[in-house]
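One point on numbering: in this note's numbering, the residue at position 16 of the sequence shown is 35, and numbering is uninterrupted.
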Amino acid sequence: MHWTASAMSDRGRVRPGNEDAFRARPDLGIFLVADGMGGHAAGEVASTVAADVVEQGVETALAAHQDGPALDAAIVDVIREADRAIRTRASREVDKAGMGTTLTVAVAAPSGEHVVVAHVGDSRAYRLRDGTLHRITTDHTWVQEQIGRGLLTPEQARSHPSASVITRALGVGGTPLQVDLHREPLRRGDVFLLCSDGLTTVLDDDEILAILTADTTWDTAAERLVEAANSRGGPDNITVVVARAKA
Ligand code: CA
20 MHWTASAMSD RGRVRPGNED AFRARPDLGI FLVADGMGGH AAGEVASTVA
70 ADVVEQGVET ALAAHQDGPA LDAAIVDVIR EADRAIRTRA SREVDKAGMG
120 TTLTVAVAAP SGEHVVVAHV GDSRAYRLRD GTLHRITTDH TWVQEQIGRG
170 LLTPEQARSH PSASVITRAL GVGGTPLQVD LHREPLRRGD VFLLCSDGLT
220 TVLDDDEILA ILTADTTWDT AAERLVEAAN SRGGPDNITV VVARAKA
């Protein structure tokens, strides 16, 4: 399977810096988004450490031709390694204490049969196929837990004062870190969108779908997603990675 990718990351209109990180490696079939948190630029450090460790670790696993359950386990292992790396850095540098990051990664299995999606936190992965947008990940957030219990609707959750409270992140969660893993069967022409919550707190899934399916290039679609979030005030950093399994 051949991959192409379009990616964009933007500070938004409110935050002083950009604490998101992403990697788009169509040559390897590795795509990820990390959304860092913590003061004094610590969030930026956490998301960059996560992106570096996971990209490198997954690349090594793929180079060793790991697939199936071995690849799944390797991906969980590298995410836990990134978690430890962030904790170690935070324990050595006082201004980095408490830093953390989300991490959502999509890895094309060498068999070409599926994509492994692993995530911690509220950065999302979607799959677009036949004009339908399917959300692969479930946010690790307090409001998502309330939705699961039937106590909030998705619409109420988006505007809830606690909408940004995440229940799991690298650097600040329990040990061992719990990682959600999905195997998504792959078809030629599938499009995967990874994004930080700076996109999804201001755009709903139907609005994202409309932009992705507009008659334009994928690079333009990525730009338009960011522009749409900024037109809603751009309250947070916005990162999108659009990866296509070439038809
Ligand atoms: Ca964010």
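Positions of the beta carbon are idealized from the N, C-alpha and C atoms, including for glycine.
Kindly indicate which three-state DSSP category Ala109 falls into: helix, strand or coil?
Of the three classes helix, strand and coil, the one that applies to Ala109 here is helix, per DSSP.
Please determine if the stretch 46-59 and the stretch 105-123 are in contact, where contact requires at least 3 C-beta pairs separated by less than 8 Å.
At 8 Å Cβ cutoff, the stretches touch.
Anyone know if the C-beta pair for Asp91 and Leu196 falls short of 9 Å?
No, these two residues do not count as a Cβ contact at 9 Å.
Pull the bridge partners of Asp54 from the DSSP assignment, please.
Asp54 is bridged to Asp39.
Please classify Val33 as buried or exposed, where buried requires at least 16 neighbouring CB atoms within 10 angstroms.
Val33 comes out exposed.
What did DSSP end up calling Ser142 once you bin it into helix, strand or coil?
In the structure shown, Ser142 sits in coil (DSSP, three-state: anything other than H, G, I, E or B).
For Ala60 and Gly36, which I take to be in contact (beta-carbon distance under 8 Å), what is that distance rounded to the nearest angstrom?
Going by Cβ atoms, the distance from Ala60 to Gly36 rounds to 6 Å, so yes, they are a contact pair.
Do Ser110 and Val261 count as a contact pair if the criterion is CB distance below 9 Å?
No, the Cβ-Cβ distance between Val261 and Ser110 is not below 9 Å.
What residues does ligand 1 have around it, judged by CB closer than 7 Å to any heavy atom, in chain order?
Residues with a Cβ closer than 7 Å to any heavy atom of ligand 1, in chain order: Asp39, Asp54, Ser215, Asp216, Gly217, Asp255, Asn256.
Going by alpha carbons, who is nearest to Ser178 out of Asp209, Gly62, Trp161, Val191?
Among Asp209, Gly62, Trp161, Val191, the Cα nearest to that of Ser178 is on Trp161.
Is Leu231 helix, strand or coil by DSSP?
Looking at Leu231 - three-state DSSP - the assignment turns out to be helix.
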